[in-house]
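In terms of the working numbering, the sequence shown opens at residue 4 and continues consecutively.
Just so you know, even glycine gets a beta-carbon here, dropped at the ideal spot from N, CA and C.
Heads up, the thing below is written out as structure tokens.
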Amino acid sequence: MRHGIGRVEGLLLALLLAVWSVVDTFGQSASTDNRQTIVTAEDFHRAMKEVSNWGRWGKDDELGAANLITTAKRKQELALAKEAVTVSLAHDIIQEAAPDGAFYLDRKVMNVSPTGAADRYQYTGTYHGSVHSHLDALDCHVMHEGKGYNGVSEEEVKAAGGCPRGHINVHKNGIVTRGILFDATRLPGKATPQGWLELGTAIHRGDLEALERIERVKVSPGDVILLYTGRWKRRAALGAWKSAEGWAGYHADVAYFLKDRGVAFIGSDAINDVAPSGLPATVPATPLHRLALAALGVSIFDNLDFEGAAEMARKLKRYEFLFVASPLRIEKGMGSPLNPLAVF
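Okay, structure coming up:
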């Protein structure tokens with residue numbers, strides 16, 4: 004006589020296990036979602052600890068999540084340059100004051116002669132802010148409670164007369180990896196008829212997951228993710244506006260997406276953080292900057308211009324490309340203006 008589970012009993016057992024699996028998965032998912040919600044000041048401070056990459060690549064590490072861009076990763080992503088079409092991801096540098104940029108590039112012609120001409124470039128203030136395309140240095144530009152990524156302290160910066168570790172020069176050999184353009188105007192109900200997100204529109208972690216499905220991409224370790232909100236299109240149509248009026252951008256809960264997926268860099272066509280942040284006033288005004296730079300070790304590209312890249316991506320129906328960026332070589336520098344490229 005054969006012992007064991009009969010066919011009917013086996014089917015019932017399989018069904019029961021499947022139900023248990025769904026219930027367990029649902030329970031875990033609900034628990035994870037609740038844990039990864041950032042609504043209160045307590046949520047923010049907890050997230051600073053939960054997503055932290057301090058010490059992950061050693062106590063003296065200066066690259067942070069850029070360590071995930073390995074040689075193998077770079078070799079693999081070179082294949083994305085299928086059409087060999089290059090598109091700038093920077094906006095023209097403003098040369099006069101504007102509501103969204105009090106500081107500008109003062110370009111002065113020094114001499115003009117039969118043999119040629121020369122001019123001088125000099126910022127009237129910082130290139131950081133909400134109008135100049137730039138890359139933030141990892142360790143010093145943004146700190147939380149007096150410390151940047153991997154523990155670089157305010158006192159060390161003052162003593163060094165600049166960023167002693169994790170400064171912009173750690174990327175002097177360039178950044179080469181896969182870039183993914185997340186076109187937030189493709190999200191149902193998010194964009195205006197004119198094709199941009201209104202000020203204060205938040206892009207949450209769930210929105211990035213939805214865009215993966217819409218664009219048929221999947222973020223993997225070492226990627227750069229870039230958020231298109233239509234900022235420059237709106238500016239061209241309606242004029243520049245002051246930062247106090249707000250920005251469309253990433254919600255703080257995107258930090259958990261960055262951690263889970265191993266994102267190396269983030270960027271947007273504005274300041275990256277949604278403003279207002281939607282968090283209590285006791286939380287810094289740019290919480291994702293704190294979470295990304297100071298905790299995760301993820302450097303940030305601010306105020307890039309994706310109009311050309313978005314047009315090309317829609318034309319090719321492909322939102323991934325070879326991403327290339329190279330900041331200026333500035334020892335102890337806390338960032339750099341630059342002109343990144345998307346190579347389709």
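Find out if the Cβ-Cβ distance for the pair SER302, ARG264 is shorter than 8 Å. As a working mapping, residue 302 is identified with position 299 in the sequence shown. As a working mapping, residue 264 is identified with position 261 in the sequence shown. It is not a contact, given that the beta carbons lie outside the stated cut-off.
For ASN335, name the three-state secondary structure that DSSP assigns. Along the sequence shown, read from residue 1 onward, the residue named residue 335 stands at position 332. According to the sequence provided, residue 335 is Lys. The question's Asn does not apply to it. Correct three-state label for LYS335: coil.
When you compare each of PRO191, ARG234 and GLY198 to LEU214 by their alpha carbons, which one comes out closest? Start at 1 with the first residue of the sequence shown, and residue 214 comes out as number 211. Comparing Cα positions, the closest option is PRO191.
Is it a yes or a no for the stretch 244-254 touching the stretch 200-208, going by three-plus beta-carbon pairs under 8 Å? Short answer: they touch.
Any idea what DSSP makes of ALA345, helix, strand or coil? Stepping through the sequence shown from its first residue, residue 345 is reached at position 342. Strand.
Measure the Cβ-Cβ separation of GLY267 and THR180 and say whether it is below 8 Å. Within the sequence shown, residue 267 is the residue found at index 264, counting from 1. Within the sequence shown, residue 180 is the residue found at index 177, counting from 1. Per the sequence presented here, residue 267 reads as Ala, with Gly not at that position. Their beta carbons are under 8 Å apart, which means ALA267 touches THR180 by this criterion.
Alpha carbon to alpha carbon, what distance is there between ASP122 and ARG321? The residue labelled residue 321 in the question sits at position 318 within the sequence shown. The residue labelled residue 122 in the question sits at position 119 within the sequence shown. Straight-line Cα distance between these residues: approximately 40 Å.
Quick one: Cα of TRP235 to Cα of SER136, how far? Stepping through the sequence shown from its first residue, residue 235 is reached at position 232. Stepping through the sequence shown from its first residue, residue 136 is reached at position 133. Distance from the CA of TRP235 to the CA of SER136, rounded to the nearest whole angstrom, comes to 12 Å.
With distances taken Cα to Cα, identify the nearest neighbour of TYR231 among CYS143, ASP256, GLY225 and ARG189. Along the sequence shown, one-based indexing puts residue 231 at 228. Here the closest residue by C-alpha is ARG189.
List the whole-angstrom C-beta distance separating HIS254 from GLY281, where the pair is believed to meet the contact cut-off of C-beta under 8 Å. Against the sequence shown, residue 254 aligns to sequence position 251. Against the sequence shown, residue 281 aligns to sequence position 278. Yes, they are in contact, since the Cβ atoms of HIS254 and GLY281 sit about 7 Å apart, within 8 Å.
For a test of the three-state rule: what should DSSP assign to ALA247, helix, strand or coil? The residue you call residue 247 lines up with position 244 of the sequence shown. If DSSP states are grouped into helix, strand and coil, ALA247 belongs with the helices.
Grouping DSSP H, G and I as helix and E and B as strand, with all else coil, what is MET113? As a working mapping, residue 113 is identified with position 110 in the sequence shown. Of the three classes helix, strand and coil, the one that applies to MET113 here is strand, per DSSP.
Let me confirm a value: ARG219 is counted as buried when at least 16 other C-beta atoms fall within 10 Å, else exposed. Which label applies? Residue 219 sits at position 216 when you count from the first residue of the sequence shown. Around the CB of ARG219, fewer than 16 other CB atoms lie within 10 Å, so the residue is classed as exposed.
Can ASP226 and LEU92 be called in contact, C-beta distance under 8 Å? Position 223 of the sequence shown, counted from the start, is the residue given in the question as residue 226. Position 89 of the sequence shown, counted from the start, is the residue given in the question as residue 92. Judged by their CB atoms, ASP226 and LEU92 are not nearer to each other than the 8 Å cut-off.
Does the separation of the CB atoms of VAL54 and LEU294 fall below 8 Å? Translated into the one-based positions of the sequence shown, residue 54 becomes position 51. Translated into the one-based positions of the sequence shown, residue 294 becomes position 291. Yes. Within cutoff.
Measuring alpha carbon to alpha carbon, tell me which residue in ASP109, LYS52, ILE269 and GLY58 is nearest PHE185. Taking the sequence shown and counting its residues from 1, the one referred to as residue 185 is at position 182. Answer by Cα proximity: ILE269.
Using the Cα positions of VAL42 and PRO287, report the straight-line distance between them to the nearest angstrom. Residue numbering aside, residue 42 sits at position 39 when the sequence shown is read from its first letter. Residue numbering aside, residue 287 sits at position 284 when the sequence shown is read from its first letter. Going by the C-alpha atoms only, they are around 13 Å apart.
Could you pull the start and end residues of the alpha helix (DSSP H) that GLN79 belongs to? As a position in the sequence shown, residue 79 is number 76, starting the count at 1. Secondary structure note for GLN79: its alpha helix (DSSP H) is the uninterrupted segment 74-80.
Leaving aside the five residues before and after LEU344 along the sequence, list all residues of the same chain whose C-beta is less than 6 Å from its C-beta, in chain order. As a first step, residue 344 must be located in the sequence shown, where it is residue number 341. Same-chain partners within the cutoff: THR89 and VAL327.
Alpha carbon of THR35 to alpha carbon of ILE206, nearest angstrom: On the sequence shown, position 32 is the one that residue 35 refers to. On the sequence shown, position 203 is the one that residue 206 refers to. With a pLDDT of only 38 at THR35, under the threshold of 50, the placement of this residue in the model should not be trusted, and no figure is reported.
Nearest-angstrom Cα distance between ALA101 and VAL134? Translated into positions along the sequence shown, residue 101 becomes position 98. Translated into positions along the sequence shown, residue 134 becomes position 131. Cα to Cα, ALA101 sits roughly 9 Å from VAL134.
At which residues does the beta strand (DSSP E) containing HIS137 begin and terminate? Position 134 of the sequence shown, counted from the first residue, corresponds to residue 137. Where HIS137 is concerned, the enclosing beta strand (DSSP E) stretches over 137-139.
Is it the case that the Cβ atoms of GLY242 and ASN56 are separated by a distance below 8 Å? The residue you call residue 242 lines up with position 239 of the sequence shown. The residue you call residue 56 lines up with position 53 of the sequence shown. In this structure, ASN56 does not lie closer than 8 Å to GLY242 by Cβ.
Quick one: is ASN306 buried, meaning 16 or more other Cβ sit within 10 Å of its Cβ, or exposed? On the sequence shown, residue 306 is found 303 positions in, with the first residue counted as 1. Under this definition ASN306 is a buried residue.
What is the DSSP secondary structure of VAL160, counted as helix, strand or coil? Position 157 of the sequence shown, counting from 1, holds the residue named residue 160. Here VAL160 sits in helix by DSSP.
Give me whichever residues DSSP pairs with HIS147 in a beta bridge. Locating residue 147 in the sequence shown gives position 144, where the first residue counts as 1. Under DSSP, HIS147 forms a beta bridge with LYS150.
What is the DSSP secondary structure of TYR259, reduced to helix, strand or coil? As a position in the sequence shown, residue 259 is number 256, starting the count at 1. The answer is helix: DSSP assigns TYR259 an H, G or I state.
Reference GLN125; option with closest CA among PRO117, GLN98, GLY104 and GLY149: Sequence index remark: in the sequence shown, residue 125 carries index 122 (1-based). Checked all of PRO117, GLN98, GLY104 and GLY149; the closest Cα to GLN125 is GLN98.
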